[in-house]
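Protein sequence lines, in the order shown, are assigned to chains L and E. Its first residue numbered 8, the first sequence is counted upward by one per residue in the numbering used here. Its first residue numbered 21, the second sequence is counted upward by one per residue in the numbering used here. By construction, the Cβ of each residue, glycine as well, lies at the ideal position given by its N, Cα and C atoms. Working notes for the structure below.
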Amino acid sequence: MALDWQVFCQDTIDKTVVKGCFGTGGATGTQTYLDWLLQAWGQTIIVAGLSLIVALVVGAIIGTIRTLPDNPWLARIGNWWVELFRNIPLLVQIFLWYHVVPVLIPAFAKTPKLALVVFGLGLFTSARVAEQLRAGIQALPRGQRYAGMALGFTTLQYYRYVLLPMAFRIIIPPLTSEAMNIFKNSSVAFAVSITELTFFAQQAGEETARGIEIYMAVTVLYVISAFAINRIMAFIEKRSRVPGLVASTGGGGH
Amino acid sequence: MLDFSFFTGEVFRGYILQGLYFSLALTAVSTLGGTVFGTVLALMRLSGKGFLAWPATVYVNGMRSIPLLMVLLWFFLLVPFIIGRPIGAELTAVITFIAFEAAYFSEIVRAGIQSIARGQIFAGQALGMSYGQNMRLVILPQAFRNMTPVFLTQTIILFQDTSLVYIITAHDLLHGFTVAGNNLSHPRESFILAAVFYFVICFSLSWAVKKLQAKIAIIR
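In structure tokens:
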């Protein structure tokens with residue numbers, strides 16, 4: 008079977024091939040499948056990016072309170088949080104945010120649909136980030152905590168200046184996979200009609216009957232995105248290495 | 021505001037049970053198939069022979085960089101195209117999950133094999149074992165035992181991921197709940213019940229894994 012890449016230059020409404028492959032845009036202008044594909048990629052990036060911010064902020068808070076000394080109740084709340092969000096499938100959580108939360112909690116009634124999905128994906132991932140941060144903090148030698156105390160820091164201060172900066176730097180590798188996961192998981196937003204890449208793939212594949220070309224393009228975009236995140240995180244990892252640890256020496260030698 | 025009284029034993033048997041059965045069966049079959057193909061992939065990658073290692077690496081990294089949902093759609097499109105007739109959502113789900121999970125399990129097996137001390141391989145060779153014997157009798161049994169906790173955790177994630185087959189309208193647990201919710205016009209309660217169901221199953225499983233992990237840690 009021959010592949011027909013011209014499908015991307017087609018207008019989405021009358022299916023004629025547009026010269027230059029890009030539509031004129033705007034309210035009355037034309038739109039090609041290529042325009043739509045790039046828009047969908049943008050949606051995926053927005054959903055994944057915002058969710059990542061939610062996941063990092065909430066995950067940092069939850070992960071931290073799980074390691075606080077002398078505060079079993081805060082630690083317990085943190086543990087419950089992680090168990091709750093980790094043991095329900097993402098798709099079910101998205102459905103809950105999308106169909107149930109706006110009805111049960113009036114404050115969310117007017118929240119944009121995209122924001123609901125971002126909360127769903129973000130909080131789901133926050134549990135995993137929290138788990139990694141907890142492990143990261145607990146992996147630090149006890150001396151670090153005591154050193155902070157000996158300097159007369161309050162709990163808040165030694166977390167802020169000693170423990171968290173160290174912990175965040177050593178958990179960058181698992182955070183990298185989490186960032187890549189969040190990008191892939193954003194495909195689930197398709198189930199609640201967010202017009203991201205997977206939604207585009209399914210919709211455009213059906214409209215044009217050129218599923219293979221459309222899916223190939225979308226798959227390539229996912230791979231490119233995953234690779235880009237990987238490179239960005241590797242750069243951050245390199246720049247934030249803790250001197251004196253095994254990881255900081257790079258490839259062998261002194 | 022919420023009314024769960026619609027959820028009776030009859031509704032459970034009528035709508036949920038079949039879906040629950042499919043979700044569990046899909047988990048079991050794809051864990052088994054994923055482990056078998058995953059082990060093959062891991063052995064290919066560790067073989068040190070380029071023509072074996074390369075395709076396996078490309079396959080594993082490729083599968084891991086695209087969303088499961090996209091893989092599901094690919095198979096849903098491609099399989100009927102290749103064999104010339106539609107095969108149904110359930111069978112598509114099984115094929116996709118085995119193919120997809122093999123990539124993830126292969127990484128677990130690879131880490132498991134790499135966790136074995138080199139001396140074990142040399143010891144096997146010194147006893148005059150062939151590569152196959154050494155793998156089968158010395159390395160893999162130890163590797164599988166070392167990776168049991170990670171392996172079981174991945175199985176729990178796999179069980180959660182089976183909810184995605186809802187998208188291609190396979191009749192799984194989540195599908196059972198949504199159909200029940202729509203037919204009996206309590207969709208919201210149904211979503212909440214689905215969440216409770218998945219939570220109870222996954223929570224008890226991960227609790228059991230934690231116990232097992234503690235046990236293995238003592239033996240070692």
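Neighbourhood of residue i by C-beta, 8 Å cutoff - its chain only, sequence neighbours within 5 removed
i	result
leucine 97 of chain L	Gly127, Leu128, Phe131, Asn192, Val195
cysteine 28 of chain L	Phe15, Cys16, Thr39, Leu41
valine 110 of chain L	Ala116
Outcome for residue i when other beta-carbon atoms lying within 10 angstroms are tallied against a minimum of 16
i	result
threonine 161 of chain L	exposed
arginine 266 of chain L	Because chain L is modelled from 8 through 261, residue 266 of chain L falls outside the range shown and cannot be assessed.
tryptophan 48 of chain L	buried
glycine 159 of chain L	exposed
proline 250 of chain L	exposed
isoleucine 221 of chain L	buried
asparagine 154 of chain E	buried
phenylalanine 242 of chain L	exposed
phenylalanine 42 of chain E	buried
alanine 114 of chain L	exposed
leucine 22 of chain E	exposed
phenylalanine 102 of chain L	buried
valine 31 of chain E	buried
tryptophan 87 of chain L	exposed
tyrosine 168 of chain L	exposed
isoleucine 95 of chain L	buried
glycine 155 of chain L	buried
tryptophan 227 of chain E	exposed
valine 24 of chain L	exposed
tryptophan 104 of chain L	buried
serine 205 of chain E	exposed
arginine 156 of chain E	exposed
glycine 148 of chain E	exposed
Same chain, Cβ closer than 7 Å to residue i, neighbours up to 5 away in sequence not counted
i	result
cysteine 222 of chain E	Ile176, Phe179, Gln180
methionine 187 of chain L	Ala233, Ile236, Asn237
alanine 73 of chain E	Met64, Arg65, Ser67
tyrosine 7 of chain L	The shown model of chain L, from 8 to 261, leaves out residue 7 of chain L, and the question about it has no answer.
glutamine 38 of chain E	His191, Gly196
glutamate 127 of chain E	Val80
leucine 88 of chain E	Phe120, Asp181, Leu184
arginine 217 of chain L	Asp11, Val14
Contact under 9 Å by Cβ, residue i with residue j
i	j	result
arginine 152 of chain L	arginine 93 of chain L	no
alanine 137 of chain L	glycine 30 of chain L	no
isoleucine 219 of chain L	phenylalanine 190 of chain L	no
valine 54 of chain L	glutamate 185 of chain L	no
valine 125 of chain L	serine 58 of chain L	yes
glycine 58 of chain E	valine 170 of chain E	no
threonine 215 of chain L	lysine 22 of chain L	yes
methionine 167 of chain E	tyrosine 124 of chain E	no
isoleucine 115 of chain E	valine 99 of chain E	yes
isoleucine 136 of chain E	isoleucine 107 of chain E	no
glycine 196 of chain E	isoleucine 36 of chain E	yes
glycine 85 of chain L	arginine 141 of chain L	yes
glutamine 139 of chain L	leucine 182 of chain L	yes
histidine 106 of chain L	phenylalanine 101 of chain E	no
glutamate 209 of chain E	phenylalanine 95 of chain E	no
phenylalanine 164 of chain E	leucine 40 of chain E	no
leucine 61 of chain E	valine 49 of chain E	no
threonine 182 of chain E	leucine 46 of chain E	yes
leucine 121 of chain L	isoleucine 231 of chain L	no
threonine 37 of chain L	isoleucine 60 of chain L	no
valine 108 of chain L	leucine 123 of chain L	yes
Integer Cβ distance of residue i from residue j, believed to fall under 8 Å
i	j	result
valine 220 of chain E	threonine 173 of chain E	At roughly 17 Å, the Cβ-Cβ gap does not stay under 8 Å, so valine 220 of chain E and threonine 173 of chain E are not in contact.
aspartate 192 of chain E	valine 199 of chain E	At roughly 11 Å, the Cβ-Cβ gap does not stay under 8 Å, so aspartate 192 of chain E and valine 199 of chain E are not in contact.
phenylalanine 198 of chain L	tryptophan 43 of chain L	Phenylalanine is not the amino acid found at residue 198 of chain L; the sequence shown has alanine there. In fact, because the Cβ distance is near 19 Å, the residues do not count as touching under 8 Å.
threonine 77 of chain E	isoleucine 188 of chain E	Their Cβ separation, rounded to whole angstroms, is 29 Å, which puts threonine 77 of chain E and isoleucine 188 of chain E out of contact at 8 Å.
methionine 90 of chain E	threonine 51 of chain L	Rounded, the Cβ-Cβ distance is 11 Å, inconsistent with contact.
glutamine 140 of chain E	glutamine 162 of chain E	7 Å
Sequence-distant residues of the same chain with beta carbon closer than 6 Å to residue i, five excluded per side
i	result
glycine 53 of chain E	Ile118
alanine 214 of chain E	Leu194, Phe197
serine 133 of chain L	Ala62, Val65, Gly66
leucine 81 of chain L	Ile72, Leu75
glutamate 244 of chain L	Ile179
leucine 10 of chain L	Glu220
phenylalanine 246 of chain E	Here chain E comprises residues numbered 21 to 240, so residue 246 of chain E is not present and cannot be evaluated.
leucine 92 of chain E	Thr116, Ile188
Contact test: residue i Cβ vs the ligand HEM heavy atom, cutoff 8 Å
i	result
proline 106 of chain E	Among the components of this structure there are no ligands whatsoever, and the ligand HEM is therefore not found.
contact_flag[the region 102–121 of chain E, the region 215–232 of chain L] where n(CB pairs < 8 Å) is 3 or more
Touching, no.
Count Cβ pairs between the region 166–175 of chain L and the region 142–151 of chain L that sit closer than 8 Å; are there 3 or more?
yes
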